[in-house]
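Only one structure is covered here, and it is reproduced in the block below.
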Amino acid sequence: MNTFLIILIVFVVLGGVVYYFKSNKSRFVDFEEDDDRYRIDRILDYVKNTINDFLKANLYEMNMTREEFEKRLQNKNELRKALKTCIYGDINAKMYVKSYIRDILLKSYKIDETNIDNVIPFDNPNELSIEDKFEILLYTYKKKYDLKALEVLIKENELDQPKYIDDDKEQIKYVITSEEIGAIYLEKVKKLTSFDDKLNVLVQKIYQKYKGFGVIDEIRDMNIDGVSGGVSGIPSSFFQDFNYEGGSLNSLPMSYDSVWIFFKGKTIHLEFLSFGSEKELKRICKNIYRYNNPGQLSETNGYKVNEMKDGSRVVVARPPFCESWVFFVRKFDSAEDKKPEELITDKNNGLVIECIKWLIKGCRVTAVTGFQGTGKTTLLMSIVRFINETFTLRIQEMAFELHLRKLYPKRNIVSFRETSTVSGQEGLDLQKKTDGTVNILGEVATAPVASWMIQMAQVASLFTIFTHHAKTSSDLVLALRNNLLQTRVFSNEKVAEKQVADVVNFDIHMCRDITGHRYIERITEIIPVSQDIEYPSNYKDGETLEEIMRNFADTAKEYFTRVTDRKTFEVKNIIEWDNGEYKAANPMSKSTYQKICEHLNQQEREQFSAFLKENWGVLYE
23 MNTFLIILIV FVVLGGVVYY FKSNKSRFVD FEEDDDRYRI DRILDYVKNT
73 INDFLKANLY EMNMTREEFE KRLQNKNELR KALKTCIYGD INAKMYVKSY
123 IRDILLKSYK IDETNIDNVI PFDNPNELSI EDKFEILLYT YKKKYDLKAL
173 EVLIKENELD QPKYIDDDKE QIKYVITSEE IGAIYLEKVK KLTSFDDKLN
223 VLVQKIYQKY KGFGVIDEIR DMNIDGVSGG VSGIPSSFFQ DFNYEGGSLN
273 SLPMSYDSVW IFFKGKTIHL EFLSFGSEKE LKRICKNIYR YNNPGQLSET
323 NGYKVNEMKD GSRVVVARPP FCESWVFFVR KFDSAEDKKP EELITDKNNG
373 LVIECIKWLI KGCRVTAVTG FQGTGKTTLL MSIVRFINET FTLRIQEMAF
423 ELHLRKLYPK RNIVSFRETS TVSGQEGLDL QKKTDGTVNI LGEVATAPVA
473 SWMIQMAQVA SLFTIFTHHA KTSSDLVLAL RNNLLQTRVF SNEKVAEKQV
523 ADVVNFDIHM CRDITGHRYI ERITEIIPVS QDIEYPSNYK DGETLEEIMR
573 NFADTAKEYF TRVTDRKTFE VKNIIEWDNG EYKAANPMSK STYQKICEHL
623 NQQEREQFSA FLKENWGVLY E
């Protein structure tokens, strides 16, 4: 009887062990018999399960010393924190997770010099995918140039040059092709031989599929202007009603085949990269915006605007609000420490730079305008250096983008932004109580923000600098006027218009040509037209009745003109860009000169006067 029970127990235990191993097959690797062990997805599953097992392990059930327990507990907490924060764009957390993955591959999965080529065919470039070649290329450049690797790769190989679209010799686009990456790989790398280098490439590949941002993971870290995904190709939802006469639908690029970068004013399509599936694109969209818990991206809340830990601005949208899953990352670290002469490079650039310097030193309310990607924010960040060091700066933004404390750490600067619980108006009301001298608005894009800007410029600060998307200076004034009417700050159109013209003094308008070259198209003075100008009375001096009546008719005409079409402002370009060169146009008004001088010391006034005389030939007293 006892023998029977023992045999029965043994069979039960063995059955349980067999069942456990079968049900957890993915967690174990048969290093001798499993031919699939070298597949990336198989390694990825193993890494995930290993990390999950480590985090779920009950340390209290293990027979450890107190020192071992505390060490293991600390490791668990550090890993758990790193796994959470690496998706926020935290490079340090990313490096920590990658080091853990590296240990798993070496110590547990037994990746070594003899088998690593079975995972990625480093020894045979012909078998490498174009994605593999790019990742190896970027890794090679990163070893030498760090976060400038992609910039150097593009510039060194002239990958940012325009290309004709197919056979159409009239249309050009910016694109980097598979053929270009393949040729550069053969020229620059040929073959990766170091085991350490191979392992680092493999670790990055596992990481970006696990906690990273897929094929854009390393790209996002680079010093570029931005990266986006899902913005071209056919959304999967279109296939229900899409009629394609040119051939198989399978030949068309999908939305998840879309990777674009914004590089030095150019939007470049990385045609050789793809997220591989809509599921992968969705994973990235759901993770990339989550820094500081901004709320859930859902069908009812179809978009999110947030920043990442490194200060990058991220916008994510999803169906049904958007036709496909998309994300946009706008980076600002490439503008760090850029002096105006590095940004304004055309002939006679000194004229523009010095003019801007005097506008800022003279405390003029100045708008930096232009369409997206022209460099408005970058220029604004740079010209802050001209603001008097004694002035305190208060910044209002939708999302933290300027990061002026990073550029000017010794200055008195505080930035505020809107949140779900604190409105922009409340933020500005608070600013009035923080001894701010200069107010800076990252972007005036909505009616409430425009209203706040006018308020701040009037009563709460010495002067204001802001950015706007207006095409002309007149458009700027009219747009701000309409914003004031929209928010019911004013009900009379002419009164609102005059208010704007009285507040905004100058417009620095940025442009970008088809090659991506950025320049200042013009600097424009906005001059309020006085409503107190007396009507002409020369009819009183007429010697004949005919002359008196003619002069009186002119006076009547002037009266009816003012009543029916009264101008509240006029615009005057003081500097213009002409065929690659900056030229002095019209001199600034005497009243503006006098107001600027009020904020300058004697030496600065003399320098400013000399600047005007040298370039415009005017000498105001």
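In my numbering, the protein residues as written are 23 to 643.
Just so it is clear, CB atoms sit at the ideal spot from N, CA and C, and this is done for glycine as well.
Please read all numbers here as calculations on a predicted model, not as lab measurements.
query	result
Is Ala479 closer than 7 Å to Gln508 when the C-beta atoms are compared?	no
Tell me the rounded alpha-carbon separation between Ile126 and Arg88.	25 Å
Output needed for Thr107: all residues of its chain with C-beta closer than 8 Å, excluding positions within five of it in sequence on either side, in chain order.	Ala115, Lys331
First and last residue of the beta strand (DSSP E) that includes Gln418?	415–419
Could you tell me whether the segment 498–515 touches the segment 372–387, using the rule of 3 or more Cβ pairs below 8 Å?	no
Apply the 10 Å Cβ neighbour rule to Tyr186 and answer buried if 16 or more other Cβ atoms are within range, or exposed otherwise.	exposed
Residues in the same chain with beta-carbon distance under 6 Å from Glu345, minus the five sequence neighbours each way, listed in chain order, please.	Pro257
At the level of alpha carbons, what is the spacing between Glu180 and Ile206?	11 Å
Tell me whether Leu175 is buried or exposed, calling it buried when 16 or more other Cβ atoms sit within 10 Å of its Cβ.	buried
Taking buried to mean at least 16 other C-beta atoms within 10 Å of its own C-beta, is Thr486 buried or exposed?	buried
Helix, strand or coil for Leu208 per DSSP?	helix
With Glu543 and Met610 assumed to form a contact (beta carbons below 8 Å), what rounded beta-carbon distance in angstroms separates them?	With a Cβ gap of about 18 Å, Glu543 and Met610 do not count as contacting.
Determine the DSSP secondary structure at Ile536, reduced to helix, strand or coil.	coil
State the DSSP-derived secondary structure class of Tyr42, mapped to helix, strand or coil.	With a pLDDT of 43 at Tyr42, under the threshold of 50, the predicted position of this residue should be treated as unreliable, and no value is reported.
Examine the Cβ distances between the segment 273–286 and the segment 151–169 and report whether three or more of them are shorter than 8 Å.	no
Should Gln624 go down as buried or exposed, given a rule of 16 or more other Cβ atoms within 10 Å for buried?	exposed
My guess is that Val225 and Glu157 are in contact by the Cβ rule of under 8 Å, so how many angstroms apart are they, rounded?	In fact, because the Cβ distance is near 11 Å, the residues do not count as touching under 8 Å.
How many angstroms separate the CA atom of Ile249 from the CA atom of Arg242?	In the sequence as presented, Ile is not what sits at residue 249; that position holds Val. Answer to the nearest angstrom: the Cα atoms are 7 Å apart.
How about Ile545 and Ile618: are their beta carbons less than 7 Å apart?	no
The beta strand (DSSP E) spanning Asp600 covers which residue range?	591–600
Can you look up Trp282 in the DSSP assignment and give me helix, strand or coil?	strand
Lys663: buried (16+ other C-beta within 10 angstroms of its C-beta) or exposed?	In this structure the chain extends from 23 to 643, so residue 663 is not present and cannot be described.
Touching or not, the segment 227–240 and the segment 143–160, by the rule of three or more beta carbon pairs under 8 Å?	yes
Identify whether Ser48 lies in helix, strand or coil by the three-state DSSP scheme.	Because the pLDDT at Ser48 is just 42, under 50, the model does not fix this residue reliably, and the value given afterwards should be weighed accordingly. Reduced to three states, the DSSP call for Ser48 is helix.
Could you pull out every unbroken beta strand (DSSP E) segment of at least 3 residues lying fully inside the segment 481–525, listed in chain order?	485–490
Alpha carbon to alpha carbon, how far is Asp218 from Lys132?	14 Å
Identify every residue that forms a DSSP beta bridge with Thr388.	Ile487, Phe528
By a C-beta neighbour count over all protein chains shown, 10 Å radius and 16 as the cutoff for buried, is Lys212 buried or exposed?	exposed
Excluding the 5 residues flanking Lys361 on each side, which residues of the same chain have their C-beta closer than 8 Å to its C-beta?	Ser404, Arg407
Does the beta-carbon of Phe43 have 16 or more other beta-carbons within 10 angstroms, so that it is buried, or is it exposed?	Residue placement at Phe43 is poorly supported in this model, since its pLDDT is 42, which falls under 50; the coordinates still yield a value, given next. So Phe43 ends up on the exposed side.
Could you check whether the segment 281–295 touches the segment 385–392, counting it as contact only if at least three pairs of C-beta atoms, one from each stretch, sit closer than 8 Å?	no
Would you call the CB atoms of Glu592 and Ile549 closer than 7 Å?	yes
List the endpoints of the continuous alpha helix (DSSP H) containing Val119.	113–125
How long is the line joining the alpha carbons of Asn601 and Lys612, rounded to whole angstroms?	29 Å
Is it the case that the segment 458–469 contacts the segment 414–427, given that we only count it when at least three CB pairs across the two stretches are under 8 Å?	yes
Does the distance from the CB of Arg335 to the CB of Arg352 come in under 7 Å?	yes
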